[in-house]
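If you count by the working numbering, then the sequence shown holds residues -18 to 92, one letter each, in order.
Since the structure comes first, as structure tokens, the remarks are kept for the end.
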Amino acid sequence: MPTVTFRGQTIECEAGEKLRDVLLRAGLSPHNGQARWFNCKGFGTCGTCAVEILRGQVGPKNRREEWRLDFPPHDRDAGLRLACQVSVTEDLVIEKHDGFWGHLVDDEGSS
Ligand code: FES
């Protein structure tokens, strides 16, 4: 079973499970602040579940993810992925950055 490590916790999951679902099931969230309630619930349209994958490999972006990460406040070159569109197939270590969308990758002290 692959694992996801986030905010000091390591969670086991089924291979192929969506990263956002893994986090929510563990009582964690890929959303910051008010985005925990105001988000698209995993349809890949709001962009608030963006995370950085520090370790581990995931598949290529699908069209929806490409589309959402291609317009502000996201930047296609920021290296973020949408947790609701990413399937977990191997052990991952992820980080959530600051900002409503988790898009402030250059800021110190990410949440
Ligand atoms: S939850 Fe909205 S894009 Fe992932």
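Quick reminder that beta carbons are idealized off the backbone N, C-alpha and C, glycines included.
Phe81 and Asp72 have their alpha carbons spaced roughly 26 angstroms apart. Closer than 7 angstroms to some heavy atom of the ligand FES: that does not describe the Cβ of Asn43. Boundaries of the alpha helix (DSSP H) around Leu4: Leu0 to Arg6. Annotated as distal: Ser68 and Glu(-7), with beta-carbon spacing of 8 angstroms or more. With fewer than 16 other CB atoms across the displayed protein chains lying within 10 angstroms of its CB, Ala(-4) is exposed. Shortest Cα-Cα distance from Gly25 to any of His78, Phe52, Glu76 and Gly37 involves Phe52. Judged by DSSP secondary structure, Arg(-12) falls outside any beta strand (DSSP E); it is assigned neither H nor E. With the criterion CB distance below 7 angstroms from any heavy atom of the ligand FES, the matching residues run Arg1, Asn20, Cys21, Lys22, Gly23, Phe24, Gly25, Thr26, Cys27, Gly28, Thr29, Cys30, Arg49, Leu63, Ala64, Cys65 and Gln66 along the chain.
Excluding five sequence positions before and after Arg(-12), the CB atoms of its chain that fall closer than 7 angstroms to its own CB belong to Leu9, given in chain order.
Ranked by Cα distance from Cys21, the first of Gly40, Glu76 and Gln66 is Gln66.
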